[in-house]
């Protein structure tokens with residue numbers, strides 16, 4: 224009879240070990256190109272390092288220091304998508320809607336990590352010629 228194989232080893236009762244810490248790829252914002260999307264509905268990935276400025280709290284969203292409608296031109300950064308904006312209570316200004324406030328739920332930084340399992344994912348965006 225074949226034994227059970229798992230990603231963490233043969234003994235499923237053994238204590239888990241902390242995974243090896245991976246470093247995020249990318250350098251200072253603005254020094255690298257955007258990461259190509261692999262499927263049509265994919266949120267843009269974060270191509271830059273996020274060390275020391277990735278905090279998002281109830282009172283501060285550091286992503287907006289570069290990606291807000293007011294600052295993206297000055298910072299030469301991609302602008303926050305219009306789908307993430309709502310009119311302010313007085314109807315005069317578009318602001319980040321709170322249901323899109325936690326940017327790193329969808330927009331994630333990258334690490335150079337070997338896949339844990341074999342995969343054959345093929346996106347639905349043809350490569351650029």
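Residue numbers (the numbering used here): 224 to 352. Positions of the beta carbon are idealized from the N, C-alpha and C atoms, including for glycine. Treat the numbers as computed from the prediction; the structure is a model and nothing was measured.
Asked                                                                                          : Found
Range of the contiguous beta strand (DSSP E) that encloses residue 317                         : 317-319
Residue 275 in three-state terms, based on DSSP                                                : coil
Reference residue 343, options 296, 261, 273, 298, closest by Cα                               : 261
Same chain, Cβ closer than 6 Å to residue 275, neighbours up to 5 away in sequence not counted : none
Check whether residue 308 and residue 317 have beta carbons under 8 Å apart                    : yes
7 Å Cβ shell around residue 334 - same chain, five flanking residues per side excluded         : 245, 246, 247, 248
Three-way DSSP call (helix, strand, coil) for residue 324 in this model                        : coil
Beta-carbon proximity check, residue 236 vs residue 250, cutoff 8 Å                            : no
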